[in-house]
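Under the working numbering, residue 1439 is the last one in the sequence shown; the count climbs by one each step, no gaps.
Glycine is no exception: its CB is placed at the ideal position from the N, C-alpha and C atoms.
Quantities reported herein were computed from a predicted structural model and do not represent experimental measurements.
First the structure, in the form of structure tokens, and then the observations on it.
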Amino acid sequence: MSTRSRARAARGADGGGAESALSTATIYDVAKRAGVSPATVSRVYNGVGVSPAKTEAVQRAARELKFVPNSTARNLRTGSANAIALVIPDIENPYFTETARGIEDVASAAGYSVMLCNSDGDIAKESTYLGIAASAHMAGVILAAAGDDTDVSALRAAGRPIIAVDRSAGGGVDSVLMANRAAGYAATIDLLDAGYRRVACMVGGMAIETSRERAQGWRDAMEERLGSADPALLYPTTFHLEGGRVSIDALLAAENPPDGFVAGNNLIGMGAIQRLAELGTPPPAYGMAVIGSLPYTIISPSSVSIVRLPAREMGMTAARMLLDRLAGDDAPPRTVVLGGELLPRLDS
């Protein structure tokens, strides 16, 4: 017996799957036969508004395939089904806190609760949460992927609509992203315009799409203005405060240290600023531009440039896209890219 067949048999035996043990057909099989998305199949069986033509196509395909949804699938849109799973890598990061607030504002107004899952950027932990969302009474999922290896196949097989935020989650998934390369470029150009020349770039792990794109923006600006970007000035670190502090120590200890820094996210920026202050050389002694946002309570707003990314708008946009999918939108997957806003130093 194949792995897929064994999985089907197990799901039918314990009642936890999307189909009865009387049938080996999956929700994907019905969707393919009917020419619709798995989410539309779920909506037909959950009594959510779907056009008569699509309803008939789904019901016909189900009859032909002898597909019988169990009570979990039929109840997806009742009771706890009015819940959306939000999976993010770090709830302590204000950027994702803003994103969550935007999602919750839109979801709550539409009658949905938001279940927050903190993956800590760990693929295994994220996979556990996604598996729960696929099998539990979740209407849909909004996901900031932990890395390039994020697997959403269980969600897709269960017919759950998925919206990726901040970084993509593979083909066939709606996404709300930031113009990260442009943000990296804008932050670097701002420092170069201020007279800094050896501008370093501190980003999170290069396994993350956003880090790669922001680093590429830094590289674009350095090559455009100076002819080249010294690889020694690109410092991958962690996305946390300590990542910024460690980066400063390592970069300033180099034989040819930088005179300015682009911080790839707000926590890296905060840690870097703290460390420079401890060393007695806070901005503008060294140039500093931060991609994201910063609490102005810890710094003088006149000394640091910020490329503000609209995290709350990203969350609101993602929630609206998810609600559209739940309401029957079967358009091809789409990507929305939001631009940042340069907030220059007041002393510039």
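Are R1399 and E1189 touching if we call contact CB-CB under 8 Å? Locating residue 1399 in the sequence shown gives position 308, counting from the first residue. Locating residue 1189 in the sequence shown gives position 98, counting from the first residue. No; because the gap between Cβ atoms is not below 8 Å, this pair is not in contact.
Which runs of the alpha helix (DSSP H) fall wholly inside the region 1315 to 1385 and span at least 4 residues, in chain order? 1332 to 1343, 1357 to 1369
If you drop the 5 nearest sequence neighbours on each side, which residues of the same chain put their C-beta closer than 7 Å to that of P1349? Walking along the sequence shown from the start, residue 1349 turns up at place 258. Result list for P1349: R1289, V1290, A1291, L1324, L1342, in chain order.
Specify whether the region 1421 to 1434 and the region 1254 to 1269 touch according to this definition: at least 3 beta carbon pairs, one from each stretch, less than 8 Å apart. yes
Pull up the distance between the alpha-carbon of P1401 and that of R1151, whole angstroms please. The residue labelled residue 1401 in the question sits at position 310 within the sequence shown. The residue labelled residue 1151 in the question sits at position 60 within the sequence shown. Spanning the two alpha carbons is a distance of roughly 45 Å.
List the endpoints of the continuous beta strand (DSSP E) containing R1399. Reading the sequence shown from its first residue, position 308 is the one you call residue 1399. First-last of the beta strand (DSSP E) with R1399: 1396 to 1399.
Relative to the alpha-carbon of A1320, which residue among L1332, T1329, A1306 has its alpha-carbon at the smallest distance? As a first step, residue 1320 must be located in the sequence shown, where it is residue number 229. It is A1306.
Taking the C-alpha atoms as reference points, what is the distance between R1498 and E1432? Coverage of the chain is limited to positions 1092 through 1439, which leaves residue 1498 absent and any answer about it impossible.
Sequence-distant residues of the same chain with beta carbon closer than 6 Å to G1406, five excluded per side: As a first step, residue 1406 must be located in the sequence shown, where it is residue number 315. For G1406, where only same-chain residues beyond five positions count, the Cβ hits under 6 Å are T1190, G1193, I1194.
Give every residue of the same chain whose Cβ lies closer than 8 Å to the Cβ of R1411, excluding the five residues on either side of it in the sequence, and list them in chain order. Numbered from its first residue, the sequence shown carries residue 1411 at position 320. The residues are V1197.
Minimum C-alpha distance to E1155 - residue among I1214, Q1365, A1122, G1419: Indexing the sequence shown from 1 puts residue 1155 at position 64. Here the closest residue by C-alpha is A1122.
Tell me whether Q1383 is buried or exposed, calling it buried when 16 or more other Cβ atoms sit within 10 Å of its Cβ. If you number the sequence shown from 1, residue 1383 lands on position 292. The residue you asked about is not Gln; residue 1383 is Gly in the sequence shown. Under this definition G1383 is a buried residue.
Can the beta-carbon of G1295 be found closer than 8 Å to that of T1328? Residue 1295 sits at position 204 when you count from the first residue of the sequence shown. Residue 1328 sits at position 237 when you count from the first residue of the sequence shown. Cβ atoms of G1295 and T1328: closer than 8 Å.
Return helix, strand or coil for I1223, following the three-state DSSP convention. As a working mapping, residue 1223 is identified with position 132 in the sequence shown. Helix at I1223.
Classify A1164 as buried or exposed, calling it buried when 16 or more other Cβ atoms lie within 10 Å of its own Cβ. Residue mapping note: residue 1164 aligns to position 73 of the sequence shown, counting from 1. For A1164, the predicted structure reports a pLDDT of 44, less than 50, and the residue's modelled location is therefore unreliable. The matter cannot be settled from this model.
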